[in-house]
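Structure, rendered in structure tokens:
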């Protein structure tokens with residue numbers, strides 16, 4: 482009997498998701514069926530809802546999730562029934578031009594199949610009752626009671642890791658912490674600026690702390706988010722509606738500017754600010770994004786003096802290495818995740834959850850399943 486389960490389906494941009502009962506496809510030999518226990522609401526999902534990130538429809542969104550393996554295909558490796566897993570949205574072939582150069586985020590199969598919004602082999606893993614195939618965002622589609630993924634996407638983490646915090650590791654936390662730890666830009670004692678203190682930015686503050694930054698300047702427009710940033714390691718907080726982040730960064734560094742600037746606000750003003758605030762020869766790391774068709778302008782002089790700019794999508798993640806490390810860091814008390822969760826909601830409340838995210842009321846809402 483085919484598996485039927487409830488999921489939130491988006492039929493068109495700028496419309497509410499509909500909770501429907503859908504039918505799972507049979508597992509392929511390397512597939513893994515995961516019962517979703519928690520899934521975070523991310524800005525990338527919101528971009529699809531709003532239409533700025535274009536995907537084929539109908540689609541099940543959700544790409545930040547954790548759960549329990551219910552079944553593994555006969556050729557699935559590294560995972561078995563009963564394992565607790567965090568899901569990765571970056572499957573990769575391991576042998577293409579980019580994988581051979583240690584850039585799995587640019588894997589040719591990953592980039593080629595991504596716009597289809599299907600499983601990593603390019604095929605759908607679920608259908609609506611009328612027979613139409615469902616798409617799945619970023620090779621996952623985790624806003625449902627179950628999710629079918631490639632074996633490499635299901636990463637085993639300690640069983641005592643709470644699911645609602647584990648799910649955050651799969652996207653926002655990996656992106657932010659990884660930007661601090663995995664890129665080699667932050668040297669011990671550096672002055673680091675983080676612009677934008679949402680889920681990714683707060684994770685970046687912690688990544689900078691864990692990397693040994695000497696000073697961490699957190700910039701936002703929301704005083705509550707700045708208070709959270711201070712609790713997570715920021716040594717100076719700046720309300721950009723009241724104070725000049727560039728002047729404060731230079732005042733703290735004998736006029737040089739920050740050694741490293743991490744941007745996670747996702748706005749043209751924030752991107753411009755990175756180039757003004759970083760010192761000559763410093764590193765700029767862009768984590769946020771705007772519509773891919775949108776222009777962003779810079780003062781040319783701000784880009785000079787050997788400044789290095791890098792766009793990073795997933796914190797240079799190696800999920801099988803990094804997810805368990807981040808889970809252990811949480812369990813040992815060095816990584817703060819509880820404070821990132823603003824609300825825990827049911828699947829039926831998902832549209833209001835995204836409305837709250839759009840209004841800027843939440844860091845992360847998490848859909849939890851019994």
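In my numbering, the protein residues as written are 482 to 851.
We treat Cβ as the ideally placed atom computed from N, Cα and C, and that holds for glycine.
These numbers come from a predicted model, not from an experiment.
* CB-CB under 8 Å to residue 638, same chain, minus the five flanking residues each way: which ones, in chain order? -> 547, 565, 566, 567, 647, 650, 804, 805 and 808
* Does the Cβ of residue 496 have 16 or more other Cβ atoms within 10 Å, making it buried, or fewer, making it exposed? -> exposed
* To do: Any chance you could list the alpha helix (DSSP H) runs of at least 4 consecutive residues sitting entirely within the segment 740-808, in chain order?
  => 749-758
* Asked: Quick one: complete alpha helix (DSSP H) runs, 4+ long, within the segment 586-659?
  -> 589-594 and 644-649
* Whole alpha helix (DSSP H) elements within the segment 675-709, 4-residue minimum -> 680-691
* First and last residue of the uninterrupted alpha helix (DSSP H) at residue 473 -> Nothing in the structure corresponds to residue 473, since the chain is present only between 482 and 851.
* From 714, 670 and 706, pick the residue whose C-alpha is nearest to that of residue 695; which is it? -> 670
* To do: Compute the distance between the beta-carbons of residue 534 and residue 528, then report whether it is under 7 Å.
  => yes
* Asked: Within this structure, are the beta carbons of residue 801 and residue 654 separated by less than 7 Å?
  -> no
* To do: Evaluate residue 777 with the Cβ neighbour count: other Cβ atoms within 10 Å of its Cβ, from every protein chain shown; 16 or more gives buried, anything less gives exposed.
  => exposed
* **Continuous beta strand (DSSP E) stretch holding residue 667: start and end** => Note, residue 667: premise wrong, no beta strand (DSSP E); not H, not E.
* Does DSSP put residue 834 in a helix, a strand or coil? -> helix
* Asked: Which residues in the same chain have their Cβ closer than 7 Å to the Cβ of residue 613, if we skip the five residues on either side of it in sequence?
  -> 539
* CB-CB under 6 Å to residue 494, same chain, minus the five flanking residues each way: which ones, in chain order? -> 532
* To do: Report yes or no: do three or more beta-carbon pairs, one from the segment 513-521 and one from the segment 596-603, lie closer than 8 Å?
  => no
* Asked: Taking DSSP as the reference, what is the three-state secondary structure of residue 846?
  -> strand
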